[in-house]
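Colleague: Below are the structure tokens for one structure; questions will follow.
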Amino acid sequence: MKLIRFLLFSTVFTTGASVLVIEVAAVRILSVYYGSSLFVLSSVLTVILLALSYGYYLGGKYSDKHPFCVPLYIIITFGGLSLFLLTLVTDFVLSNSATYTPFLLGPLFFSSLLFFTPALLLGIDSPYVIKLLSLRANEEERGALVGKTFFWSTAGSITGSLLSGFLLIPVFGLYQSLIGTSIILILLGLSGII
Numbered sequence: 248m249k250l251i252r253f254l255l256f257s258t259v260f261t262t263g264a265s266v267l268v269i270e271v272a273a274v275r276i277l278s279v280y281y282g283s284s285l286f287v288l289s290s291v292l293t294v295i296l297l298a299l300s301y302g303y304y305l306g307g308k309y310s311d312k313h314p315f316c317v318p319l320y321i322i323i324t325f326g327g328l329s330l331f332l333l334t335l336v337t338d339f340v341l342s343n344s345a346t347y348t349p350f351l352l353g354p355l356f357f358s359s360l361l362f363f364t365p366a367l368l369l370g371i372d373s374p375y376v377i378k379l380l381s382l383r384a385n386e387e388e389r390g391a392l393v394g395k396t397f398f399w400s401t402a403g404s405i406t407g408s409l410l411s412g413f414l415l416i417p418v419f420g421l422y423q424s425l426i427g428t429s430i431i432l433i434l435l436g437l438s439g440i441i
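Per the working numbering, the sequence shown starts with residue 248, numbered consecutively.
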């Protein structure tokens, strides 16, 4: 049981970190085309939070129907794949169409188009992990497991925010950081499937 908990907490830590890498990178990417404005930051935060909230909802429903580890890791694999594809098309999409969108709506539109799907898929994991942990826990420790799940997810988010802003993007570059994050997610997902 301890090994399963460790693996599931490591999973939410990694996906939490990945969401924040995406978020910080999204602000940087859109700033190239729309400037470092409040509209860019607000748009990215809105889209990521909307995607996460819908992911939490779907994760809760889906985990009740399929309370097994493999579907969780398939979803994480698809989250990594969607991030990888996003990285490949983002520059092309923005360089060919950003100038044709209104300054106020452009950041919101492109945040939704480019960053919603990976954040949604990664948002599914926290309620899914909670479901998997609760199936293996006594009733007395379920609340503590929920708290620990959110602790590790938030710790991952803090780590992802600091790593992306202070190390990954400055040292490796914007798109390389996203590709590296997508590869980590794909490997994490595949390791849970196998």
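C-beta atoms are modelled at their ideal positions from N, C-alpha and C, and glycine is treated no differently.
(1) Tell me the DSSP secondary structure of Phe331 in three-state form.
(2) Could you give the distance in angstroms between the alpha-carbon of Ile405 and the alpha-carbon of Phe413?
(3) Taking three-plus beta-carbon pairs below 8 Å as touching, is the stretch 385–401 in contact with the stretch 267–284?
(4) Mind checking which residues open and close the alpha helix (DSSP H) that includes Val268?
(5) Are the C-beta of Leu421 and some C-beta of chain C separated by less than 8 Å?
(6) Pick helix, strand or coil for Arg389, following the three-state DSSP scheme.
(7) Can you name, in chain order, every residue of its own chain whose Cβ lies under 7 Å from the Cβ of Ile426, other than the five neighbours on each side?
(8) Since Phe325 contacts Leu368 with CB under 8 Å, what's their CB separation in whole angstroms?
(9) Output the boundary residues of the alpha helix (DSSP H) element that contains Ala366.
(10) In chain order, what residues of the same chain have a beta carbon less than 7 Å from the beta carbon of Phe363, not counting five sequence neighbours either side?
(11) For Ile430 and Gly327, I'd like the C-alpha separation in whole angstroms.
(12) Since Leu410 contacts Ala264 with CB under 8 Å, what's their CB separation in whole angstroms?
(13) Using only the alpha-carbon positions, how far apart do Ser438 and Tyr320 sit?
(14) Measure the alpha-carbon distance for Ile323 versus Ile416 and round it to whole angstroms.
(15) Just to confirm the assignment, what range does the alpha helix (DSSP H) spanning Ile440 have?
(16) Out of Phe397, Leu254, Ser310 and Phe357, point me to the one whose CA is closest to Phe339's CA.
(17) Kindly indicate which residue of Leu250, Arg252 and Thr262 has the alpha-carbon position closest to the one of Ser400.
Modeller: The short version:
(1) Residue state for Phe331 is assigned as helix, using DSSP reduced to three classes.
(2) CA-to-CA, the gap between Ile405 and Phe413 works out to about 12 Å.
(3) Because the criterion of three Cβ pairs below 8 Å is not met, the stretch 385–401 and the stretch 267–284 do not touch.
(4) From DSSP, the alpha helix (DSSP H) with Val268 extends over Lys249 to Tyr281.
(5) Among the protein chains of the structure shown there is no chain C, as only one such chain exists.
(6) Residue state, collapsed to three classes: helix.
(7) Cβ neighbours of Ile426 beyond the five flanking positions: Phe331 and Thr334.
(8) Indeed they touch by this definition, with Cβ atoms about 6 Å apart.
(9) Bounds of the alpha helix (DSSP H) holding Ala366 are Gly353 to Gly370.
(10) Non-local beta-carbon contacts of Phe363 in its own chain, meaning distances under 7 Å to residues more than five positions away in sequence, involve Val294 and Ala298 in chain order.
(11) Near 7 Å, if we compare the C-alpha coordinates of Gly327 and Ile430.
(12) So it is a contact: roughly 7 Å between Cβ atoms.
(13) For Ser438 and Tyr320, the gap between their C-alpha atoms comes out near 8 Å.
(14) Cα to Cα, the separation comes out at about 23 Å.
(15) Run containing Ile440: Leu421 to Ile440, per the alpha helix (DSSP H) assignment.
(16) In terms of Cα proximity to Phe339, the closest of Phe397, Leu254, Ser310 and Phe357 is Phe357.
(17) If you compare the alpha carbons of Leu250, Arg252 and Thr262 with that of Ser400, the shortest gap goes to Thr262.
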